[in-house]
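A short worksheet on the structure shown next.
2 protein chains.
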Amino acid sequence: MNEPRGEKGTERIGIARSPGAHDHLTERDRQILHAVVTDYIASAEPVGSRTISRKYGLNLSPASVRNVMADLEEAGYLQQPHTSAGRIPTDKGFRFYVDVLEPRPLSKQEQERIRSRYTTALGDGMEVLRETSRLLSAFSSLAGLAVAPRLEATRFRHIEFVRLRERDVLVILVTDTGVVHNKLIHVDEPLTQDRLHEISNYLNSVITGLTLRQARERLLAEMRAEKALYDRLYAEAQLLAQRAFESAEVASESEVFIEGKLSIAEQPEFASVEKMKALFKAFEEKSLLIKLIDKSMQAPGLQIIIGHESEADEMAGCSLILSHYTVGDEVVGTLGVIGPTRMNYSRVIPIVDYTARLVSRLLEQ
Amino acid sequence: MNEPRGEKGTERIGIARSPGAHDHLTERDRQILHAVVTDYIASAEPVGSRTISRKYGLNLSPASVRNVMADLEEAGYLQQPHTSAGRIPTDKGFRFYVDVLEPRPLSKQEQERIRSRYTTALGDGMEVLRETSRLLSAFSSLAGLAVAPRLEATRFRHIEFVRLRERDVLVILVTDTGVVHNKLIHVDEPLTQDRLHEISNYLNSVITGLTLRQARERLLAEMRAEKALYDRLYAEAQLLAQRAFESAEVASESEVFIEGKLSIAEQPEFASVEKMKALFKAFEEKSLLIKLIDKSMQAPGLQIIIGHESEADEMAGCSLILSHYTVGDEVVGTLGVIGPTRMNYSRVIPIVDYTARLVSRLLEQ
DNA sequence: CACTGGCACTCGCAGGTGGTGAGTGCCAAC
DNA sequence: GTTGGCACTCACCACCTGCGAGTGCCAGTG
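Chain order of the listed sequences is A and B. The numbering of the first sequence is our numbering, which starts it at 1 and goes up by one. The numbering of the second sequence is our numbering, which starts it at 1 and goes up by one.
Right, here's the structure in full:
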């Protein structure tokens with residue numbers, strides 16, 4: 001009863017929903033609310049009772065629709081910009097809409113169009129992510145988003161230390177997914193490049209193929225076991241590894257790609273300069289987004305965050321659709337789109353969903 | 001006579017000017033034009049003859065000022081938004097203004113405030129550049145810009161090959177300045193990680209401390225000399241090096257940092273959504289900026305590009321102030337600001353100039 | 001001859017007015 | 001419960017008006 005449009009689709013695209021939240025609505029309430037949201041998504045304008053009764057084949061007069069709409073407004077699903085204007089959905093109204101939505105999977109042609117964007121010429125992991133956020137933007141006409149894999153969740157492929165200055169050493173970490181992280185660390189004692197080489201070699205032999213956590217544990221074990229032998233080398237390696245790994249957990253700003261911010265500015269709701277500035281501010285300060293994304297990592301499946309649900313004022317009027325990409329069943333990164341709450345969910349959700357699966361498959365091999 | 005405000009300052013900040021371009025202007029023309037630009041920069045509003053005659057102590061009646069202004073309009077230095085409005089400077093008017101400008105060097109306090117932004121905690125070269133564009137933005141209230149050093153002009157510190165997949169190899173290049181470049185290349189024959197290690201070691205022993213061009217020459221020479229000995233290794237090294245170096249010359253998009261785009265949006269001239277969108281488009285497509293920056297690299301000293309001088313429509317109403325940073329007398333990268341043509345040149349120029357010198361000094365050591 | 005005061009003119013802008021139309025709430029009738 | 005009718009509300013647009021800043025031109029003055 002909560003999902004009136006058939007259950008098969010639900011299995012297809014696993015959307016995180018809020019079950020039972022709208023149980024008090026009658027079937028007619030639902031139909032009208034759905035119609036209002038649908039129309040508003042299409043027109044971006046307040047929708048009146050007359051439009052609903054004419055366009056959506058409900059066999060109800062405008063007056064009846066008005067009664068229902070008044071109820072829905074009281075229940076917090078709709079709002080009026082001013083008396084004597086039509087209604088627009090609130091965030092709660094959109095929440096109902098997506099909770100009920102069963103988007104159809106992407107057609108074969110569209111899948112193919114997306115797949116064809118990933119050519120072999122793409123280069124390293126970062127480039128794959130940038131291209132991903134570009135294509136998400138291009139196909140959805142919204143801003144596309146892709147976040148680099150979390151270091152903790154991926155496996156090391158390679159570590160390298162390069163001496164830059166007397167006490168400055170550049171650490172280069174390469175993960176399984178072809179993403180390169182680098183970071184400058186300071187050491188107390190000067191180290192020669194040759195020595196750094198030895199350390200790199202040793203660490204590589206130990207940690208290749210391990211995750212960050214595993215690598216840490218393994219190193220500690222190794223240290224204890226062989227400590228007596230080559231005391232000096234191991235001590236230095238231990239130190240450098242520690243420095244290299246610390247604070248490597250959190251996604252840094254440079255690892256969030258947002259492309260196509262401009263397409264979002266085309267939407268009529270951002271015609272006012274003020275709104276646009278607020279939104280671009282949110283983009284520029286990626287820390288806000290990172291927080292949201294981190295939270296979404298906890299939950300499985302495709303996440304939809306509507307307006308105030310993000311608990312950030314800058315995101316008022318904006319929704320996020322996020323999904324994860326995985327490597328061998330483990331969630332490693334996030335991708336999705338940002339757009340106005342009034343976005344075309346049924347079109348965009350399958351795009352995000354398919355792209356997430358595709359990226360997972362790409363990284364797998 | 002062309003520079004009426006004393007020549008000592010000219011030596012201090014080397015601005016590229018257009019000499020003799022405004023010789024036909026009388027001393028009075030110059031004073032009034034200068035006053036109009038100054039006032040317009042301060043107020044962002046068309047300036048009338050009355051304002052000039054009152055505020056700028058020229059002892060001229062509004063009527064006389066009007067006559068001169070009419071001449072200046074005919075000569076293309078000023079324009080009227082509409083009849084019966086004041087005048088605003090054209091790009092040519094601003095060009096005159098900066099050609100004549102002798103900005104005073106930054107005060108010791110301000111120098112110190114900028115210097116203090118570079119702490120040792122800053123990390124690798126890329127982070128230094130990002131911080132540079134941030135501080136340029138913060139101190140100028142415009143958008144800050146910093147471009148990574150050109151690969152050709154810097155010296156290699158380290159090269160490393162990491163095997164990602166059967167035929168995919170990740171190349172990691174570290175330059176003298178602590179900037180890490182990485183790139184995926186494809187090889188025809190599978191190579192083991194051990195083999196790649198040998199190749200890295202060999203190449204490092206040959207090219208460390210050389211520039212891209214030198215490295216290429218040296219490699220060719222080495223190849224020829226020792227080819228007979230270890231044929232296979234050298235052939236593979238040669239191939240990989242070639243792949244790694246090709247297309248490494250051009251600054252790629254990811255190496256242009258633009259920070260504080262929003263501060264520019266605060267300016268009254270970008271109150272219209274259309275203008276703002278055009279500008280952000282220019283930011284998003286960095287290729288346009290890269291072209292401008294490449295061109296500016298040719299010329300020595302501080303460059304000012306006003307409005308149409310960039311020959312790009314997207315940059316209408318915008319000026320660039322660019323300077324270079326050097327490593328050992330060689331120009332390696334560019335930094336600067338982007339703002340409305342109506343920016344405070346006399347304040348911003350010293351900031352860009354000082355920052356460029358500072359970054360050069362930082363990279364030097 | 002350069003400079004100035006005066007004057008008529010132009011035009012953007014802000015504020016006020018009235019008409020239009022979409023949409024509502026309420027009520028009585030079916 | 002549903003519907004048609006009706007009075008009402010408001011945003012929006014087109015139109016007008018007065019104000020003020022600024023101009024161009026001209027004749028007068030040192």
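A virtual CB, placed ideally from N, CA and C, is assigned to each residue, including glycine.
Who are the near neighbours of Leu173 of chain B in its chain, counting only those whose CB is closer than 6 Å to its CB and skipping five residues on each side? Excluding sequence neighbours, Leu173 of chain B sits near Ile159 and His181.
Cα-Cα separation, Leu196 of chain B to Arg163 of chain B: Rounded to whole angstroms, the separation of the alpha carbons of Arg163 of chain B and Leu196 of chain B is 7 Å.
For Arg50 of chain B and Asp39 of chain B, what's the separation of their Cα atoms in angstroms? Their backbone Cα atoms lie some 12 Å apart in a straight line.
Could you tell me whether any Cβ in chain A is nearer than 9 Å to the Cβ of Met69 of chain B? By the rule that beta-carbons nearer than 9 Å mark a contact, Met69 of chain B does not touch chain A.
Closer than 9 Å at the beta carbon, the chain B residues around Val180 of chain A: What Val180 of chain A touches in chain B: Val162, Leu170, Ile172, Val180 and Asn182.
Quick check: what's the CA-CA separation for Gln79 of chain A versus Met315 of chain B? For Gln79 of chain A and Met315 of chain B, the distance between alpha carbons rounds to 41 Å.
Chain-ordered neighbours of Val273 of chain B on chain A, where CB pairs are closer than 9 Å: Per Cβ cutoff of 9 Å: Ala265, Phe270, Ala271, Ser272, Val273 and Met276.
Taking 9 Å as the CB-CB cut-off, is Leu363 of chain B touching chain A? Residue contact with chain A for Leu363 of chain B: absent (no Cβ-Cβ distance below 9 Å to any residue of chain A).
Just verifying my parser: in three-state terms, what is the DSSP assignment at Ser323 of chain A? Three-state DSSP puts Ser323 of chain A in a strand.
Look at Ile114 of chain A and Ile304 of chain A and say whether their C-beta atoms are less than 9 Å apart. Here Ile114 of chain A is not near Ile304 of chain A, since their CB atoms are 9 Å or more apart.
Within the region 147 to 185 of chain B, ranges of the alpha helix (DSSP H) (whole runs, at least 4 residues): Counting whole runs of 4 or more residues, the region 147 to 185 of chain B contains no alpha helix (DSSP H) stretch at all.
With a threshold of 9 Å between beta-carbons, can Asn2 of chain B be considered close to chain A, or not? Bear in mind that the predicted position of Asn2 of chain B carries a pLDDT of just 42, short of 50, making it too unreliable to give a figure here.
Which two residues bound the contiguous beta strand (DSSP E) that contains Pro62 of chain A? Where Pro62 of chain A is concerned, there is no enclosing beta strand (DSSP E), although the alpha helix (DSSP H) it sits in stretches over Pro62 to Glu74.
Give the straight-line distance between the Cα atoms of Ile258 of chain B and Ile290 of chain B, rounded to the nearest whole angstrom. Rounded to whole angstroms, the separation of the alpha carbons of Ile290 of chain B and Ile258 of chain B is 12 Å.
Note down, in chain order, each residue of its chain lying with its Cβ closer than 8 Å to the Cβ of Gly328 of chain B, except the 5 sequence neighbours on either side. Excluding the 5 residues flanking it on each side, Gly328 of chain B has same chain C-beta neighbours closer than 8 Å at Glu364, in chain order.
Which residues does DSSP pair with Phe366 of chain B in a beta bridge? Lying outside 1 to 365, the shown extent of chain B, residue 366 of chain B is not represented and no answer is given.
Who are the neighbours of Lys261 of chain A on chain B, taking C-beta pairs under 9 Å? By Cβ distance, chain B contributes Phe280 and Glu284.
Pick out whichever of B:Arg12, B:Pro46, B:Gly125 and B:Tyr56 has its Cα sitting closest to the Cα of Arg407 of chain B. The requested residue 407 of chain B is not part of the displayed model; chain B covers only 1 to 365.
Is it true that the region 212 to 223 of chain A meets the region 176 to 193 of chain A, where meeting means three or more beta-carbon pairs spaced less than 8 Å apart? Taking a contact to require three or more Cβ pairs closer than 8 Å, the region 212 to 223 of chain A and the region 176 to 193 of chain A do not qualify as touching.
Determine the extent of the alpha helix (DSSP H) in which Gly93 of chain A is found, giving its start and end residues. Here the alpha helix (DSSP H) through Gly93 of chain A covers Asp91 to Val100.
By how many angstroms is the C-alpha of Asn201 of chain B removed from the C-alpha of Ser116 of chain A? Each residue's Cα considered, the two are about 38 Å apart.
Can you list the residues of chain A that Asp194 of chain B reaches, using a CB-CB cut of under 8 Å? Here the premise fails: no neighbours, minimum Cβ distance about 11 Å.
Given a threshold of 16 other Cβ atoms within 10 Å of its Cβ, counted over all protein chains shown, does Gly93 of chain A qualify as buried or as exposed? Per the 10 Å Cβ criterion, buried.
Assuming Ile351 of chain A and Ser140 of chain A are in contact, meaning their beta carbons sit under 8 Å apart, how far apart are those beta carbons, in whole angstroms? Contact holds; Cβ gap of about 6 Å.
In chain order, what residues of the same chain have a beta carbon less than 7 Å from the beta carbon of Gly178 of chain A, not counting five sequence neighbours either side? Its chain contains Asp124 and Gly125 as the residues whose beta carbon lies nearer than 7 Å to that of Gly178 of chain A, once the 5 sequence neighbours on both sides are disregarded; these appear in chain order.
In the DSSP assignment, find the alpha helix (DSSP H) that holds Pro350 of chain B and state where it starts and stops. Unbroken alpha helix (DSSP H) run through Pro350 of chain B: Tyr345 to Glu364.
Under DSSP, the beta strand (DSSP E) around Thr334 of chain A begins and ends at which residues? Boundaries of the beta strand (DSSP E) harbouring Thr334 of chain A: Glu330 to Pro340, taken from the DSSP string.
Residue ranges of each alpha helix (DSSP H) within the region 189 to 214 of chain A, 4 or longer: Runs of the alpha helix (DSSP H) lying entirely within the region 189 to 214 of chain A and spanning at least 4 residues, in chain order: 193 to 207.
Three-state secondary structure assigned by DSSP to Glu259 of chain A: In this structure, Glu259 of chain A counts as strand in the three-state DSSP scheme.
Contact defined as beta carbons within less than 8 Å: I believe Thr208 of chain B pairs with Phe156 of chain B. What is the distance between those atoms, to the nearest angstrom? Their Cβ separation, rounded to whole angstroms, is 6 Å, which keeps Thr208 of chain B and Phe156 of chain B in contact under 8 Å.
Between which two residues does the beta strand (DSSP E) harbouring Gln303 of chain B extend? In this chain, the beta strand (DSSP E) harbouring Gln303 of chain B covers Gln303 to Ile306.
Using beta-carbon positions only, say whether Leu142 of chain A and Val348 of chain A come within less than 9 Å of one another. For Leu142 of chain A and Val348 of chain A, yes; Cβs fall inside 9 Å.
Drop a sphere of 10 angstroms on the beta-carbon of Ala148 of chain A, count the other beta-carbons inside from all chains shown, and report buried for 16 or more, exposed for fewer. Looking at its Cβ environment, which holds 16 or more other Cβ atoms inside 10 Å, Ala148 of chain A is buried.
What residue from B:Thr154, B:Ala63 and B:Arg232 has the CA that sits closest to Ser53 of chain B's CA? Comparing Cα positions, the closest option is B:Ala63.
Residues in the same chain with beta-carbon distance under 7 Å from Gly6 of chain A, minus the five sequence neighbours each way, listed in chain order, please. Summary for Gly6 of chain A: the model assigns pLDDT 39, below 50, so the residue's position carries little reliability; its value from the coordinates is reported in the next sentence. Only Glu102 meet the Cβ criterion.
Count the other CB atoms, across all protein chains shown, that sit within 10 Å of the CB of Arg232 of chain B; report buried if there are 16 or more and exposed otherwise. By the 10 Å Cβ count, Arg232 of chain B comes out exposed.
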